[in-house]
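First to last, the protein sequences are chains A and B.
Under my numbering, read the first sequence as residues 348 to 625, first letter to last.
Under my numbering, read the second sequence as residues 465 to 754, first letter to last.
Here is the structure we will look at.
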Amino acid sequence: MTQRILALSRYFFRSLLISLTGIIYILVGLAYWLVMFPPDQRTPDASYYILVLAAFGAAMTFLCTLSIASKANQVGHAPWIVRLPSRVEYLTAVLLSSILFATILQLVLAILALFRGPDLSLDQVLLIPPIWLALNTLTAVLALHASDFVAAGWSRVFLFGLIAIFLFGQSLNNKSSLNTWIILRLNDLSRSLVGAGMVTLVTPLNNLAGWLQQDGASALSSFFSLPFWPFRAIADAVVVGSFNTSQALAPAILLLYATLLIMLAADVFANKDLDLTE
Amino acid sequence: MIEISKVTKKYYTLTALDNVSLQIPAGEVFGLLGPNGAGKTTLFKLIAGIINPTAGKIKPAGDVWPAIGYKPERLLFPNHLRVNEYLRQVARLSGLPGPQINRAVNESLERVNLQSAANKKIRECSKGMRQRLAMAQILIGDPPLLLLDEPSNGLDPTGQAEIHACIQSLHQSGKTIVMSTHHLPEVTQVCTQLVILNRGQIHYENSMAQAMAAQSHIRIRANKPLEEFGQSLAALHDGVDVAGDIVYLKGEAMEMRRQVLVMLLEAGFDVLRVEHNRISLAEIYAEAVQ
């Protein structure tokens, strides 16, 4: 299994490296370095260095995964897929090569950015691997779900719709326009139900609207923002310069998200009809 | 080796395969015939596991799926690779250990007569070379089940003969081969089993030997219309048909040829001609897809 995954990973890595897309990604990386870490001025802030390169790594991993997934989804690879005892090996190779390509590019930029950049202490250096690797892995898996390669039916609509609901849900509070809009719709629905004679449902709806008007919105907001805690914890830890006890769990939780999403991607990919492109 | 039971495959509203059941025994060369859109490629993809059936099951005779060598209809390859690089990759994916990889690649190239193009980029290969490369890749790792979607399409007669020889030698070495083609002489030459698909359904299924034998008949022509005597001949056996001055003997009734000839002569008819007609595969095909 290892031989097959490594052979495919090497192939995908090389395919991206020698393609126009790969060259463009390298040029984009260099442009990013020139803009964010201009070599003619000092950029001594360590937290800026860690977070800006983390953002670059995440974005690049997303793009590389989309590109490699698109290459992997070509009909020319059908005889290879048929040879494999499990399709998940193929998926693993796509994931591995994407993360590797983006991480190498990120490390090259990280080395370049040290030129007239921050003097990192050992503690700060030790902060970097868990943050960058966790973020890169998570974005790679999200990109897999966004690609035609893995998505089946409405799978990506459900996944990214759920993420969007949680993102919007964070902004709920007593005075937010979203909250007001939801309360108005609940009131409209109550009036319609009264008109339709379904009075038993009206009281729970009115209670819900009342709850949202008082402290319900902030409770919901807390609920929706809970999954995004690791991102805030990482940013806080980087600014302070070290993880505290609870913040240290943040990269592990991101990896847990990634693991769950990988399991979901493997299940979808293993059971879907492959729609290989020409 | 593979059992396909009541398999239906639908693409949205289009039914590509409709309740197809088929046994693919080990060691046979299965020829799949049918017009374009009959469902041949869909059946290949289902057996290869690229797509899943909407209903029904495809399962191996044992519990474990055999290794499969698959040659798709379209000759699309990663064009930036060289021929031998591509085959080495197939060898790695087949789980061959390092030292055996080059040997397996060289053997497969030799078998399809492609050694001269080993270092050529795939994008520079002609259609014939690509067809040979597609055949070479299925040989690597010695998979027991081979799926060949139009294996000799685009080859010149010499190339076709080489591919046929290759398929025949694979059959002799015990491989199970499922192949589709539009080239009927190819089926007669290399296949041991025949399946004709049309509009997603199996319209004909037989062994090649029986297909050719079952459809042959003897035609006896008398000097004048047989009229009432014809009815007494037709009553002899279900396989005896009379039309005007001709008597047809089909299937088991062909064994009654002497008896029929004697009866005709004794009844005062002259026999002008006796023919043993073998029906061609083209006729079987035309009848099945009508």
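Cβ coordinates follow ideal geometry from the N, Cα and C atoms, glycine included.
Any contact of the stretch 406-423 of chain A with the stretch 436-443 of chain A, i.e. 3+ C-beta pairs under 8 Å?
yes
Strictly under 9 Å for the Cβ-Cβ distance: is Asn591/A near chain B by that measure?
no
Is the CB of Arg546/B under 9 Å away from at least one CB in chain A?
no
Considering only the beta carbon of each residue, do Leu597/B and Val547/B sit closer than 9 Å?
yes
With a threshold of 9 Å between beta-carbons, can Lys619/A be considered close to chain B, or not?
yes
Determine, using beta-carbon pairs with one atom in the stretch 516-527 of chain A and one in the stretch 564-579 of chain A, whether at least three such pairs fall under 8 Å.
yes
Secondary structure at Asp470/A, three-state DSSP: helix, strand or coil?
helix
Just to confirm, are Tyr379/A and Gly464/A a CB contact at a threshold of 9 Å?
no
At which residue ranges does the stretch 544-604 of chain B contain complete alpha helix (DSSP H) runs of 4 or more residues, listed in the order of the chain?
547-557, 562-575 and 591-603
Please look up how many angstroms separate the CB atoms of Phe403/A and Gln471/A, rounded, as I've assumed it's under 8 Å.
Not a contact, Cβ separation roughly 17 Å.
Just to confirm before moving on: does the CB-CB distance between Val738/B and Met720/B stay below 9 Å?
no
Just the Cα atoms here: how many angstroms apart are Val477/B and Thr518/B?
What sits at residue 477/B in the sequence shown is Thr, not Val. Rounded to the nearest angstrom, the two C-alpha atoms are 12 Å apart.
Please go through the stretch 631-698 of chain B and give each complete beta strand (DSSP E) segment of 3 or more residues, from N-terminal end onward.
640-644, 657-662, 665-671 and 681-686
With a floor of 4 residues, list each alpha helix (DSSP H) that falls wholly inside the stretch 706-754 of chain B, ordered by position along the chain.
721-730 and 745-753
According to DSSP, is Phe494/B helix, strand or coil?
strand
Could you give the DSSP three-state label for Ser569/A: helix, strand or coil?
helix
Tell me whether Asn483/B sits in a helix, a strand or coil according to DSSP, three-state version.
strand
Does the distance from the C-beta atom of Pro694/A to that of Leu552/A stay below 9 Å?
Only positions 348 to 625 of chain A appear in this structure, which leaves residue 694/A out of reach.
Chain-order list of residues whose beta-carbon lies under 7 Å from that of Tyr372/A (same chain, five-residue window excluded)
Met407, Leu410, Cys411 and Leu452
Chain-ordered neighbours of Tyr358/A on chain B, where CB pairs are closer than 7 Å:
Gln553
State yes or no: is the C-beta of Ala568/B within less than 9 Å of the C-beta of Ile602/B?
no
Nearest candidate by alpha-carbon position, reference Leu816/B, set Phe733/B, Met676/B, Gly618/B and Val726/B:
Here chain B comprises residues numbered 465 to 754, so residue 816/B is not present and cannot be evaluated.
Pairs of beta-carbons, one from the stretch 583-594 of chain B and one from the stretch 530-547 of chain B, closer than 8 Å: are there three or more?
yes
Return the residue from the list Gln579/B, Ala698/B, Asp613/B and Leu713/B that minimises the CA-CA distance to Gly498/B.
Asp613/B
Taking 9 Å as the CB-CB cut-off, is Ser671/B touching chain A?
no
Tell me which same chain residues have a C-beta within less than 6 Å of the C-beta of Leu619/B, skipping the five on either side of it?
Gly592 and Gln595
Would you please verify whether the beta carbon of Gly423/A is less than 9 Å from any beta carbon of chain B?
yes
Assumed close pair Met643/B, Pro621/B - CB separation to whole angstroms, cut-off 8 Å:
With a Cβ gap of about 18 Å, Met643/B and Pro621/B do not count as contacting.
Just mark Thr420/B as buried or exposed, buried being the case when its beta carbon has 16 or more other beta carbons within 10 Å.
Outside the shown range of chain B (465 to 754) lies residue 420/B, about which nothing can therefore be said.
DSSP three-state label for Ala613/A, please.
helix
Residues that Pro524/B contacts on chain A, provided the C-beta gap is smaller than 8 Å
Simply none; closest approach about 13 Å.
Limits of the alpha helix (DSSP H) - the one that Thr408/A falls within
Ala393 to Ala419
Using alpha carbons as the reference points, say which of His635/B, Ile488/B, Asn500/B and Val493/B lies closest to Lys523/B.
Ile488/B
Contacting positions in the stretch 505-523 of chain B - beta carbon closer than 7 Å to chain A
Ala512, Gly513, Ile514, Ile515 and Asn516
Count the other C-beta atoms from every protein chain shown that fall within 10 angstroms of the C-beta of Pro536/B, then say buried if there are 16 or more, exposed otherwise.
buried
Cβ shell of Ile600/A (< 7 Å), same chain only, five flanking positions each side left out
Pro577
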